[in-house]
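Chains as they are written, first to last, in the numbering used here: chain A, 751 to 879; chain B, 751 to 879. Don't be surprised by glycine CBs; every beta carbon is placed ideally from N, CA and C. Note that the structure is a prediction, hence the values are computed from the model and not measured. Input: a single structure, listed below in structure tokens.
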DNA sequence: CTCAATAATAGGAATTGTTCTTATTATAAA
DNA sequence: TTTATAATAAGAACAATTCCTATTATTGAG
């Protein structure tokens, strides 16, 4: 049931996401993938982003500014959301000791993962102009 | 400039947020505050939620399901987002040592704060029915 | 190879969450 | 009081996302 069939559009989306560390929005993905697949529609981008996320192939980053960002890297790492320019950048910091396990001691629910986002100014915005 | 004037509507919104640990959405806030202010409009709820957030009186929680949740508690603490029922609950776990400071060693940007959300099943959804 | 089943698409309509606009009302300070 | 202006209700406008439908592409079987 529901076998996944190949599509050039999905491959382009994934390939673009894996080629950048900019954590683009759906709109940005659309604009880039358009250059390879000129006839792609925005609906196709949204559908595939959702599917790839569900399959665990990409990650969604919600930073509270009303824009969803996407990440082609699924291994856990940290992000910095810049309150000035709205960018999302990686922070290459070692992962903390198992937060999930620690948290599980403090709830009767089940912990399956977590996400940490830092807020502040990115390297570009913090520099004097 | 821009002095803040009292309004019964804002007070009701804040009072409701502080009375619950359910981390309601704007829509839910609207439905509850309606019982005290029957003529309140959804726009007023959104405007005040945004203002209270800007003033640092409440917090916004973005968990990636397309629904913004609000928290009348502003002191740092952890949340669990339930993938089954979509609820946001508190996890009363001691705060980790200063993550902000640690992260600042790994970026040229400025860290002002962070947010950690756990994902999994809440206590209610994990129990056998 | 050819064909049948069906997943995926493009394009646009529809939906949803949120913000904006405007005339009116409430607050607060002189 | 009076006056300046912040806040409101109501609904229009907007933007991000999902849904709909007829068509196209992929894939596995024969």
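**Q.** Buried versus exposed, by CB contacts within 10 Å (16 or more), residue 782 (chain A)
**A.** Walking along the first chain from the start, residue 782 (chain A) turns up at place 32. Its Cβ being crowded by 16 or more others within 10 Å, residue 782 (chain A) is buried.
(Q) Going by C-alpha to C-alpha distance, which of A:826, A:871 and A:797 sits closest to residue 763 (chain A)? (A) Position 13 of the first chain, counting from 1, holds the residue named residue 763 (chain A). Of the candidates A:826, A:871 and A:797, the one whose C-alpha sits nearest the C-alpha of residue 763 (chain A) is A:797.
(Q) Do residue 863 (chain B) and residue 830 (chain B) have their beta-carbon atoms positioned less than 9 Å apart in this structure? (A) In the second chain, counting from the first residue as 1, residue 830 (chain B) sits at position 80. In the second chain, counting from the first residue as 1, residue 863 (chain B) sits at position 113. No.
Q.
Would you say residue 806 (chain A) lies against chain B (beta-carbon separation less than 9 Å)?
A. Here residue 806 (chain A) corresponds to residue number 56 of the first chain, with the count starting at 1. No, residue 806 (chain A) lies away from the interface with chain B (no Cβ there is under 9 Å from its Cβ).
Q. Apart from the five residues just before and just after residue 754 (chain B), which ones in its own chain have a Cβ nearer than 7 Å to its Cβ?
A. Residue 754 (chain B) sits at position 4 when you count from the first residue of the second chain. For residue 754 (chain B), where only same-chain residues beyond five positions count, there are no Cβ hits under 7 Å.
Q. Is the shortest distance between the beta-carbon of residue 846 (chain A) and the beta-carbons of chain B less than 9 Å?
A. Start at 1 with the first residue of the first chain, and residue 846 (chain A) comes out as number 96. It does: the Cβ of residue 846 (chain A) has a partner Cβ on chain B nearer than 9 Å.
Q) Among B:856, B:836 and B:801, which one has its Cα closest to the Cα of residue 756 (chain B)? A) For this step, residue 756 (chain B) is matched to residue 6 along the second chain. Among B:856, B:836 and B:801, the Cα nearest to that of residue 756 (chain B) is on B:801.
Q: Give a yes or no on whether 9 Å exceeds the smallest Cβ distance from residue 857 (chain A) to chain B.
A: Here residue 857 (chain A) refers to the residue found at position 107 when the first chain is read from its first residue. By this cut-off, residue 857 (chain A) is an interface position.
Q: Check each candidate in B:826, B:868 and B:848 and name the one with the smallest Cα separation from residue 807 (chain B).
A: What you label residue 807 (chain B) is simply residue 57 of the second chain in a count that begins at 1. Of the candidates B:826, B:868 and B:848, the one whose C-alpha sits nearest the C-alpha of residue 807 (chain B) is B:826.
Q: Indicate whether at least one CB of chain A lies closer than 9 Å to the CB of residue 779 (chain B).
A: Here residue 779 (chain B) refers to the residue found at position 29 of the second chain. False, the Cβ-Cβ gap to chain A never drops below 9 Å.
Q: Report yes if the C-beta distance between residue 846 (chain B) and residue 845 (chain A) is below 9 Å; otherwise report no.
A: Here residue 846 (chain B) refers to the residue found at position 96 when the second chain is read from its first residue. Here residue 845 (chain A) refers to the residue found at position 95 when the first chain is read from its first residue. Their beta carbons are not under 9 Å apart, which means residue 846 (chain B) does not touch residue 845 (chain A) by this criterion.
Q. Can you check whether the CB of residue 771 (chain A) is closer than 9 Å to the CB of residue 839 (chain A)?
A. On the first chain, position 89 is the one that residue 839 (chain A) refers to. On the first chain, position 21 is the one that residue 771 (chain A) refers to. Yes, these two residues count as a Cβ contact at 9 Å.
Q. Should residue 795 (chain A) be labelled buried (16 or more other beta-carbon atoms within 10 Å of its own) or exposed?
A. For the purposes of this step, residue 795 (chain A) is identified with residue 45 of the first chain, where counting begins at 1. Residue 795 (chain A) comes out buried.
Q. Applying a beta-carbon distance threshold of less than 9 Å, which residues of chain A neighbour residue 886 (chain B)?
A. Residue 886 (chain B) cannot be examined here, being either before or after the span of chain B that is shown, 751 to 879.
**Q.** Beta bridge counterpart(s) of residue 868 (chain A) as assigned by DSSP
**A.** Within the first chain, numbered from 1, the residue matching residue 868 (chain A) stands at position 118. Bridge partners of residue 868 (chain A): A:830 and B:864.
Q: Select from A:805, A:804 and A:775 the residue whose C-alpha is nearest the C-alpha of residue 792 (chain A).
A: If you number the first chain from 1, residue 792 (chain A) lands on position 42. For residue 792 (chain A), the nearest C-alpha among the options comes from A:775.
Q.
Quick check on the DSSP output: what are the complete beta strand (DSSP E) runs of length 3 or more inside the stretch 766-825 of chain B, in order along the chain?
A. 809-812 and 818-821
Q: Compute the Euclidean distance between the alpha carbons of residue 805 (chain A) and residue 785 (chain B), then round it to the nearest angstrom.
A: Working through the first chain from its first residue, we reach residue 805 (chain A) at position 55. Working through the second chain from its first residue, we reach residue 785 (chain B) at position 35. C-alpha separation (whole angstroms): 42 Å.
Q: Establish whether the CB of residue 797 (chain B) and some CB of chain A are separated by less than 9 Å.
A: Within the second chain, numbered from 1, the residue matching residue 797 (chain B) stands at position 47. No - not a single Cβ of chain A is within 9 Å of the one on residue 797 (chain B).
Q. Nearest chain B C-beta to residue 873 (chain A) closer than 9 Å, yes or no?
A. Along the first chain, read from residue 1 onward, the residue named residue 873 (chain A) stands at position 123. True, the Cβ-Cβ gap to chain B drops below 9 Å.
Q) Is residue 837 (chain B) near residue 874 (chain B), with beta carbons less than 9 Å apart? A) Residue mapping note: residue 837 (chain B) aligns to position 87 of the second chain, counting from 1. Residue mapping note: residue 874 (chain B) aligns to position 124 of the second chain, counting from 1. Yes, Cβ-Cβ distance for residue 837 (chain B) and residue 874 (chain B) is below 9 Å.
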